[in-house]
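See structure below.
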Amino acid sequence: MKLGITDTEKKLLFIVLALGILVAAYFFGFQKFNEEAAIIENSNVQDEATVQRLQDMVNRQAETQQETEEFKKTIKEIVAKYPVDVPQEKAIYLIQEMEDIVMVDVSTISFSMGNVVKEFSGENAPSGRYANLAMNYTASYDQYKNLLQYVKDFADRTTTPMISAGYDQSTGQLVGVMHYRMFYLTNTDKEYEDVPPTDMEIGLPNIFHTTEEEIITDDMVAW
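Okay, structure coming up:
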């Protein structure tokens, strides 16, 4: 007995085969394509974030450069206020200059040099230091006020952490002790400026113009 396949059955069989091919294509082709598309999409999101971050950096470049220049300017202004060193010869010169301007008499002076205020980290970083001078002085009331004003108006950074004054009935003058601190910064681009030459005679026994006998020790100069 011979079986035949009608045209309708042939069409149905073709449709079934076509659906099978589509299903196989989806699972073995389109699904893999979707997975790769998801990977690419995720990579695109990451790339977009990176591009945005870099663009933000570019947008801030001008602002950052301006801030850097402002910081450099501020640092330069601060450094300009401080000398690079205060050795003993400069300290003596400044005290003599103070005597001449304020007209006070300094009888004794002791030095404490190179005291550390702040040391910054890093090679060749600046170091904040100060020289401390303890002075015994004699002055009138007006000279005493001028002395305080002189310290206040001094060009370099100076302070008077301690000052005492008492009335001397025998002379009618004020006598006391003043601690005079002069601050400086080491390891900067500035160069040390030597003290100006003076007309002080070599071997002068009394640079402070007092009349007491000269006495010199390792840490104190007294007259």
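Going by this note's numbering, the sequence shown opens with residue 6, and the numbers climb by one from there.
We put the CB at the ideal spot given by N, CA and C, even for glycine.
Nothing here was measured: the structure is a model prediction, and the numbers come from that model.
Measuring straight from C-alpha to C-alpha, what distance separates G119 and V180?
C-alpha separation (whole angstroms): 28 angstroms.
Which residue's Cα is closest to the Cα of I114: M140, A96, Q101, D105?
When each option's Cα is compared against that of I114, the closest is M140.
Is it true that the region 52–65 meets the region 126–135, where meeting means three or more beta-carbon pairs spaced less than 8 angstroms apart?
Contact fails: fewer than three Cβ-Cβ distances are below 8 angstroms.
Between the region 143–161 and the region 190–197, can you find at least three pairs of beta-carbon atoms closer than 8 angstroms?
Flag = no, the region 190–197 and the region 143–161 do not touch.
Just to confirm before moving on: does the CB-CB distance between Q101 and F116 stay below 8 angstroms?
No, the pair does not count as a contact, with Cβ atoms beyond the cut-off.
Measure the beta-carbon distance from A96 to A67 and round it to whole angstroms, keeping in mind my assumption that it falls under 8 angstroms.
No, A96 and A67 are not in contact; Cβ-Cβ is about 47 angstroms, not under 8 angstroms.
Starting from the C-beta of M183, find all residues in its chain whose C-beta is less than 8 angstroms away, skip the five residues before and the five after it, and write them out in chain order.
A139, M140, Y142, L152, T165, M167, I168, S169.
List the DSSP bridge partners of T191.
For T191, which the question treats as bridged, DSSP gives the partners S132.
Between D147 and E72, what straight-line distance do the alpha-carbon atoms span, to the nearest angstrom?
Spanning the two alpha carbons is a distance of roughly 47 angstroms.
Would DSSP call A160 helix, strand or coil?
A160: coil per DSSP, three-state reduction.
Just reading off the beta strand (DSSP E) that D173 is part of, what are its end residues?
Its beta strand (DSSP E) spans residues 171–173.
Buried or exposed: where does E53 fall if 16 or more other Cβ atoms within 10 Å of its Cβ makes it buried?
Exposed.
Have a look at Q154, A144, D90, F188 and flag the residue whose alpha-carbon is nearest the alpha-carbon of G171.
Among Q154, A144, D90, F188, the Cα nearest to that of G171 belongs to A144.
Does DSSP put F125 in a helix, in a strand, or in coil?
Note: F125 maps to coil in three-state DSSP.
Could you check the C-alpha separation between S175 and K78 for me, to the nearest Å?
Approximately 55 angstroms between the Cα atoms of the pair.
I'd like the list of long-range same chain contacts for Q51, defined as Cβ closer than 8 angstroms, with 5 residues on each side in sequence excluded.
If we look at Q51 and ignore the five residues flanking it on each side, it has no Cβ neighbours.
Return the CA-CA distance between V156 and I106, expressed in angstroms with no decimal places.
Approximately 11 angstroms between the Cα atoms of the pair.
Measuring alpha carbon to alpha carbon, tell me which residue in G177, K123, V122 is nearest Y149.
Of G177, K123, V122, the residue nearest in Cα terms is G177.
Please tell me whether F76 and V122 are closer than 8 angstroms, where the distance is taken between their beta carbons.
No, they are not a contact pair.
From the DSSP output, in three-state form, read off M3 for me.
Only positions 6 to 228 of the chain appear in the structure, and residue 3 is not among them; the question remains open.
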